[in-house]
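Chains F and D supply the protein sequences, listed in that same order.
Per the working numbering, the first sequence starts with residue 9, numbered consecutively.
Per the working numbering, the second sequence starts with residue 9, numbered consecutively.
By construction, the Cβ of each residue, glycine as well, lies at the ideal position given by its N, Cα and C atoms.
Quantities reported herein were computed from a predicted structural model and do not represent experimental measurements.
Protein chains: 2
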Amino acid sequence: MQALIGAREMPLYRMMGYHIGWEDRQGNPMSNEPPMRHRGVACLTACSAAGGDVEAAVPAATAVELIESFCQIHDDVQAGNPQRDGRDSVWWAWGPAQAINAGDGLYALARTAILQLRERGVEPAAAFSSLQVLDSASLEVFEGRFEDLEAQERINLSADAWLGMAGRKTGALFGCAMKLGALAASADDSVTDGMATCGRSLGIAFQARDEMRQVWGGPGGQDAAAPDVLNKKKLIPIVHAFEEANLHTKRRLGDIYFKRVLGQEDVPAILTILDELGARDYCESLVQRHRTEALDAASVLPAEGAATVGVFIDTVLKS
Amino acid sequence: MQALIGAREMPLYRMMGYHIGWEDRQGNPMSNEPPMRHRGVACLTACSAAGGDVEAAVPAATAVELIESFCQIHDDVQAGNPQRDGRDSVWWAWGPAQAINAGDGLYALARTAILQLRERGVEPAAAFSSLQVLDSASLEVFEGRFEDLEAQERINLSADAWLGMAGRKTGALFGCAMKLGALAASADDSVTDGMATCGRSLGIAFQARDEMRQVWGGPGGQDAAAPDVLNKKKLIPIVHAFEEANLHTKRRLGDIYFKRVLGQEDVPAILTILDELGARDYCESLVQRHRTEALDAASVLPAEGAATVGVFIDTVLKS
Chain F
9 MQALIGAREM PLYRMMGYHI GWEDRQGNPM SNEPPMRHRG VACLTACSAA
59 GGDVEAAVPA ATAVELIESF CQIHDDVQAG NPQRDGRDSV WWAWGPAQAI
109 NAGDGLYALA RTAILQLRER GVEPAAAFSS LQVLDSASLE VFEGRFEDLE
159 AQERINLSAD AWLGMAGRKT GALFGCAMKL GALAASADDS VTDGMATCGR
209 SLGIAFQARD EMRQVWGGPG GQDAAAPDVL NKKKLIPIVH AFEEANLHTK
259 RRLGDIYFKR VLGQEDVPAI LTILDELGAR DYCESLVQRH RTEALDAASV
309 LPAEGAATVG VFIDTVLKS
Chain D
9 MQALIGAREM PLYRMMGYHI GWEDRQGNPM SNEPPMRHRG VACLTACSAA
59 GGDVEAAVPA ATAVELIESF CQIHDDVQAG NPQRDGRDSV WWAWGPAQAI
109 NAGDGLYALA RTAILQLRER GVEPAAAFSS LQVLDSASLE VFEGRFEDLE
159 AQERINLSAD AWLGMAGRKT GALFGCAMKL GALAASADDS VTDGMATCGR
209 SLGIAFQARD EMRQVWGGPG GQDAAAPDVL NKKKLIPIVH AFEEANLHTK
259 RRLGDIYFKR VLGQEDVPAI LTILDELGAR DYCESLVQRH RTEALDAASV
309 LPAEGAATVG VFIDTVLKS
């Protein structure tokens, strides 16, 4: 990622470096702890687990991480998030118009990255398939993001609709990452398909885990509800509650969710309803079900590779 | 374009069909006169002029038109344009967040389009080069759009800086279109390079002609200045005026341009200053110089092909 972005002089690329976390707003290097790059690591892990040389998968891993970064920048504009990872978001620092440009540019760089697969010795057919995989996954991600924005306008969303949306919005890129890793390892179709399924299930489990954390916090709990709760996002615990509530409880939820703006003072009542409806157990079993699906899909690999993928899956779901 | 977008059901694709002009907001077919698709036609013209079968270039022509549409949608969000081609712009109809998604999706579809070159019989090496050409042109377009937004914050921009910006913002995609056409015709390097130069020069001439029209209107003149004049865009006539004005005239221009908002009542004074500084002749000679460069570059083609490209160039510059 640094080779692609760092060498370019134009201020457009400074916005990208800032977002990814190497630079401050003035373009000076920063040495923060880098965030987990789950999708890139998923790609490299799948390549290695399928018996490939991870170096071959680096362009693909770079591409999926650049797409994730691009989506984050556009997401912050779309949702109006002023902050990301404790710093001003790109649109907050440079304005929405330039943030849109920075995101578009990262998407183009993702394409530039994946074209380098051939230079890493990936066979032409696998390199060409990789391009198709990346493009169709990107399109699926935009479909999922479209559904996500549409769902915010609606009061209820079925758990099935949530699953479809999470599969597109998050599962598609994880699935793409792992499939690209297998392609870079010249794996056969059963392995590349298995890795795609594995990544997609992992992505859904990760999304559910992430949304649980926004409601209930991490292992140590949290002081305040995350902005997405107050933004009435269709987080899976809330989706479950709307789906399972009886008429009386639906009315209590409606009293809260029909308010124009939610505040911290509304959160205890929401948490009480979620408790009554067993939302936490429901979400935990959803995570476990997709974790199991991911592990099952990884069983197309030789035992050692499957074990490596298993460790990776649990790292992602615990992080 | 219709084969790629029309067959998809999700409402995301209805925004695209609306923008491109086939559908109304409810998704019902519309039979308006389609707009000129200069970039797509540039690609097909270059292919044919270089002795190729235009059918082979259709995926590439589709890709550049989808990129142009994607840029228009994001541009309308960035500039806050409520209208395009006499209809509500996508963000005005669906909101900026979904408009960003629709643009992102069109970009992904452009990639999907160009991957079909192989199915049209284009050789692997030329198909692979085409991908690289499209990606690096896209990146250049975003660089130019970045500069364009930055320039709006500044009072002056040199004519040289304008030329660099126009080359990136508009020239890059025209150059890419014509180069892709030559690649689809399996032309040799001298021809593909010539077509790239031809398209880039044509793009700059087209941009200058378009900005002249925003100031002075088309052949029949116009009643009111275009929004870009009032938005203090760094249109080439204005750029020339700021560069050529003496101290006294600079002060007159400054009095106008330091206002927070320009109104129609400021336009006569601007037009007077442009007249005094010969801005119209300057811009016309800029157009002619780049037209000549484009024609010269086309002379790498056989005489008949060069003549075809010449007719196309004049069509674009008169449209």
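Decide if residue i is buried, meaning its Cβ has at least 16 other Cβ atoms within 10 Å, or exposed.
i, result
"glutamine 215 (chain F)", "buried"
"serine 327 (chain F)", "exposed"
"valine 269 (chain F)", "exposed"
"methionine 173 (chain D)", "buried"
"leucine 255 (chain F)", "exposed"
"alanine 213 (chain D)", "buried"
"threonine 280 (chain F)", "exposed"
"proline 42 (chain F)", "exposed"
"alanine 71 (chain F)", "buried"
"proline 276 (chain D)", "exposed"
"serine 146 (chain D)", "buried"
"phenylalanine 320 (chain D)", "buried"
"phenylalanine 266 (chain D)", "exposed"
"alanine 311 (chain D)", "exposed"
"serine 209 (chain D)", "buried"
"glutamine 140 (chain F)", "exposed"
"asparagine 109 (chain F)", "buried"
"proline 132 (chain F)", "exposed"
Take residue i as the anchor and find which of the options has the nearest alpha-carbon.
i, options, result
"glycine 5 (chain D)", "D:Ala190, D:Leu52, D:Leu270", "Nothing can be reported for residue 5 (chain D): it is not among the residues displayed for chain D, which extend from 9 to 327."
"threonine 200 (chain D)", "D:Ala213, D:Ser209, D:Gly211, D:Cys184", "D:Cys184"
"glycine 14 (chain D)", "D:Ala58, D:Leu114, D:Met44", "D:Leu114"
"proline 19 (chain D)", "F:Ala54, F:Glu158, F:Ala287, F:Ile122", "F:Glu158"
"aspartate 143 (chain F)", "F:Asp83, F:Ile75, F:Ala305, F:Ala110", "F:Ile75"
"lysine 240 (chain F)", "F:Pro67, F:Arg33, F:Ala305, F:Ile163", "F:Ile163"
"arginine 47 (chain D)", "D:Arg297, D:Ala134, D:Cys79", "D:Cys79"
"tryptophan 100 (chain F)", "F:Leu165, F:Ala315, F:Asp84, F:Asp283", "F:Asp84"
"aspartate 96 (chain D)", "D:Thr323, D:Thr205, D:Ile28, D:Glu161", "D:Ile28"
"valine 324 (chain F)", "F:Leu285, F:Val130, F:Met9, F:Arg217", "F:Arg217"
"isoleucine 299 (chain D)", "D:Ala118, D:Cys206, D:Gly225", "Note on identity: in this sequence residue 299 (chain D) is arginine, with isoleucine being the wrong assignment. When each option's Cα is compared against that of arginine 299 (chain D), the closest is D:Cys206."
"alanine 167 (chain D)", "D:Arg128, D:Asp93, D:Tyr290, D:Asp274", "D:Tyr290"
"tryptophan 224 (chain D)", "D:Asp112, D:Asp283, D:Leu261, D:Ala121", "D:Asp283"
"proline 67 (chain D)", "D:Ile246, D:Leu171, D:Arg119", "D:Arg119"
"alanine 116 (chain F)", "F:Ser293, F:Leu12, F:Arg221, F:Ala249", "F:Leu12"
"glutamate 219 (chain F)", "F:Gln86, F:Ala58, F:Thr178", "F:Thr178"
"histidine 82 (chain F)", "F:Phe250, F:Thr257, F:Ile278, F:Phe150", "F:Phe150"
"tryptophan 102 (chain D)", "D:Ala54, D:Leu139, D:Gln34, D:Ala305", "D:Gln34"
"valine 295 (chain F)", "F:Arg92, F:Leu261, F:Arg221", "F:Arg221"
"serine 137 (chain D)", "D:Ala105, D:Ser56, D:Ala193", "D:Ala193"
"leucine 188 (chain F)", "F:Gly175, F:Asn36, F:Leu125, F:Arg260", "F:Leu125"
"leucine 243 (chain F)", "F:Glu31, F:Asp322, F:Glu127, F:Ala169", "F:Ala169"
"asparagine 89 (chain F)", "F:Ala253, F:Glu252, F:Asp236, F:Arg288", "F:Asp236"
"alanine 58 (chain F)", "F:Tyr26, F:Gly175, F:Met186", "F:Met186"
"phenylalanine 182 (chain F)", "F:Arg259, F:Ala135, F:Glu252, F:Ala69", "F:Ala69"
Whose Cβ in chain D lies nearer than 8 Å to the Cβ of residue i?
i, result
"alanine 105 (chain F)", "Val85, Gln86, Ala87, Leu157"
For the alpha helix (DSSP H) that residue i lies in, which residues bound it at each end?
i, result
"arginine 217 (chain F)", "197-224"
"isoleucine 122 (chain F)", "104-122"
"alanine 341 (chain D)", "Missing from the structure shown is residue 341 (chain D); chain D here goes from 9 to 327 and no further."
"valine 149 (chain D)", "132-160"
"glutamate 292 (chain D)", "287-306"
"glutamate 63 (chain F)", "62-87"
"leucine 171 (chain F)", "167-174"
"glutamate 252 (chain F)", "244-252"
"aspartate 263 (chain D)", "255-265"
"glycine 189 (chain D)", "180-192"
"isoleucine 281 (chain D)", "275-284"
"leucine 238 (chain F)", "235-238"
Name, please, each residue of chain D whose Cβ falls closer than 7 Å to the Cβ of residue i.
i, result
"isoleucine 28 (chain F)", "The premise fails here: isoleucine 28 (chain F) is roughly 17 Å from chain D at the closest Cβ pair, so nothing lies under 7 Å."
Using the beta-carbon of each residue, which ones in chain D are nearer than 9 Å to residue i?
i, result
"serine 146 (chain F)", "Asp112, Gly113, Tyr115, Ala116, Arg119"
"leucine 123 (chain F)", "Phe136, Leu139, Gln140, Asp143"
"proline 132 (chain F)", "Pro132, Phe136"
Residues of chain F with CB under 7 Å from residue i, in chain order?
i, result
"isoleucine 108 (chain D)", "His82, Val85, Gln86, Ile108"
How would you list, in chain order, the residues of chain F whose beta-carbon sits under 9 Å from the beta-carbon of residue i?
i, result
"aspartate 18 (chain D)", "Reading off the sequence shown, one finds methionine at residue 18 (chain D), where the question assumed aspartate. Under the 9 Å cutoff, chain F gives Glu151, Phe154, Glu155."
"proline 90 (chain D)", "What proline 90 (chain D) touches in chain F: nothing, since even the nearest Cβ is about 15 Å away."
- Please list the segments of the alpha helix (DSSP H) lying wholly inside the region 10-61 of chain D, counting only runs of 4 or more residues, in order along the chain. When DSSP assignments are scanned along the region 10-61 of chain D, the uninterrupted stretches of alpha helix (DSSP H) that are 4 or more residues long and fall wholly within it turn out to be 10-13, 19-28, 46-57.
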